[in-house]
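Count along the sequence shown starting at 1, add 130, and that's the number in our numbering.
Contents: one structure, followed by commentary.
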Amino acid sequence: MEVDNRTDLIAEIKRLKKERDAVILAHYYAKGEIQDIADFIGDSLALAQIAEKLSEKVIVMCGVHFMGETVKILCPDKVVLVPDLAAGCSLADSCPAADFEAFISEHPGHTVISYVNTSAAVKALTDIVVTSGNAMKVVESLPKDEKIIFGPDRNLGNYINSVTGRQMVLWDGACHVHEKFSLEKILELKKTHPDAPVLVHPECRPQVRMVADVVGSTAVLLKYATESDATEFIVATESGILHEMQKKCPGKTFIPAPASDSTCACNECSYMKLNTLEKLRDCLRDLTPQIRVDEAIIDRARLPIERMLSLS
Ligand code: 13P
Ligand code: SF4
Numbered sequence: 131m132e133v134d135n136r137t138d139l140i141a142e143i144k145r146l147k148k149e150r151d152a153v154i155l156a157h158y159y160a161k162g163e164i165q166d167i168a169d170f171i172g173d174s175l176a177l178a179q180i181a182e183k184l185s186e187k188v189i190v191m192c193g194v195h196f197m198g199e200t201v202k203i204l205c206p207d208k209v210v211l212v213p214d215l216a217a218g219c220s221l222a223d224s225c226p227a228a229d230f231e232a233f234i235s236e237h238p239g240h241t242v243i244s245y246v247n248t249s250a251a252v253k254a255l256t257d258i259v260v261t262s263g264n265a266m267k268v269v270e271s272l273p274k275d276e277k278i279i280f281g282p283d284r285n286l287g288n289y290i291n292s293v294t295g296r297q298m299v300l301w302d303g304a305c306h307v308h309e310k311f312s313l314e315k316i317l318e319l320k321k322t323h324p325d326a327p328v329l330v331h332p333e334c335r336p337q338v339r340m341v342a343d344v345v346g347s348t349a350v351l352l353k354y355a356t357e358s359d360a361t362e363f364i365v366a367t368e369s370g371i372l373h374e375m376q377k378k379c380p381g382k383t384f385i386p387a388p389a390s391d392s393t394c395a396c397n398e399c400s401y402m403k404l405n406t407l408e409k410l411r412d413c414l415r416d417l418t419p420q421i422r423v424d425e426a427i428i429d430r431a432r433l434p435i436e437r438m439l440s441l442s
């Protein structure tokens, strides 16, 4: 029976986790059943902060590839597993390291800030890494006249420029999930839910940000939803976050913002959803697939990530 199978699977994951001296981290966009079994859930920043302090020998990152790489760079002596290595990221893919290197050479004298949604090779070309949870703070910590390259997310970069008045040079990349949210459909929803605050991730396009009551990382949006007196919310970020929002606020209603090119009411990151309970069990059992990062890259990518952590 399905329920028995699932109960067995969860018991097996818990047993293997103990045997392997492993810990499970999950991003808020992971499938709900994975979030439920994880030892820690969080946004990109929280997961990096947690990973750095872990004592277990094996870390399973139920997120996407770049998140696993960040953990490996911070914890090079540990076994770092991602249940499905095909869990990539369209935003990270929009910024190949060789092209980014050429872009940096075209802008001499600039400090290079990269969003954490990048490959380890791009981080190795970077002065400071940021996440959506601390990007504004990190940029603001630099002198007003500092010349800055910001990559790869043009929407997050544009958001920081608009709030801080800076003129960072932006790499032209984007996330295929967040770019899809439709202003028109959100305005339609507002007609039937006029009191629902609109929660927007900064990877969304500027026109969607304009109708936001709050713009922030998944953790910031979650905190806002938890603390607000409102009873319903329109959520413009990947729909996996609704799982934790609903758990934290059982009496509130969360409405996923619609995408422009579909009749579906939600936006899913197909990469995040590649990780399943079965694959989580298999990776703990077989200790594969492991994240591997070249040592030379680890040496160069570690400092920009540590700078970010110390500024957070
Ligand atoms: P957070 O920085 O909010 O965790 O977002 C990560 C991400 O992949 C957004 O698409
Ligand atoms: Fe990458 Fe977008 Fe998926 Fe986040 S939601 S992991 S930025 S593809």
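Cβ atoms here follow ideal geometry from the backbone N, Cα and C, with glycine treated the same way.
query, result
"Any idea what DSSP makes of L433, helix, strand or coil?", "helix"
"Sorted by chain position, which residues of the same chain lie with C-beta nearer than 6 Å to L184's C-beta, five sequence neighbours on each side aside?", "V153"
"Can you find the residues in the same chain that come closer than 7 Å, C-beta to C-beta, to N291, ignoring five residues on each side of it along the sequence?", "Q297 and M298"
"Taking the alpha carbon of P203 as the point to measure from, which residue in L433, P273, S312 and G303 has its own alpha carbon closest?", "As written in the sequence, residue 203 is Ile, which differs from the Pro given in the question. The residue with the shortest Cα to Cα distance from I203 is L433."
"Could you check if V194 belongs to the surroundings of the ligand SF4, using beta carbon to heavy atom distance under 6 Å?", "yes"
"Distance check for E163 and A395, CA to CA, integer angstroms please.", "Note on A395: pLDDT 47, under 50, position unreliable in the model; the coordinate value appears next. So the alpha carbons of these two residues sit roughly 21 Å apart."
"On the three-state DSSP scale, how would you describe I171?", "strand"
"Could you check how far apart the C-beta atoms of L146 and L414 are, in whole angstroms? I think they sit under 8 Å.", "4 Å"
"Look at the alpha carbon of V210 and the alpha carbon of K320, and state the distance between them as a whole number of angstroms.", "43 Å"
"Starting from the C-beta of K403, find all residues in its chain whose C-beta is less than 7 Å away, skip the five residues before and the five after it, and write them out in chain order.", "K161"
"Measure the alpha-carbon distance for D416 versus V190 and round it to whole angstroms.", "12 Å"
"Relative to the C-alpha of K310, which residue among S369, I428 and E186 is closest?", "S369"
"Would you mind giving the Cβ-Cβ distance between L441 and S271, rounded to the nearest angstrom? I have them listed as a contact below 8 Å.", "6 Å"
"Following a CB-centred definition, is D173 positioned closer than 6 Å to any heavy atom of the ligand 13P?", "yes"
"Could you tell me whether any non-hydrogen atom of the ligand 13P is closer than 6 Å to the CB of T383?", "no"
"For the beta strand (DSSP E) that contains E362, what are its first and last residues?", "E362 to A366"
"Is E309 near the ligand 13P, in the sense that its beta carbon is under 6 Å from a heavy atom of that ligand?", "no"
"Counting only the same chain and skipping the five closest in sequence on each side, list residues whose C-beta sits under 6 Å from that of F280.", "I243, G287, M298 and L300"
"Does the Cβ-Cβ distance between V246 and T256 come in under 7 Å?", "no"
"Considering Cα atoms alone, identify which of S174, T418 and L407 is closest to K144.", "L407"
"Give the secondary structure of A395 by DSSP, where H, G and I count as helix, E and B as strand, and everything else as coil.", "Any reading at A395 must be qualified, since the residue scores a pLDDT of 47, below 50, and its modelled position is unreliable; the value itself is stated next. A395 falls in the coil class under three-state DSSP."
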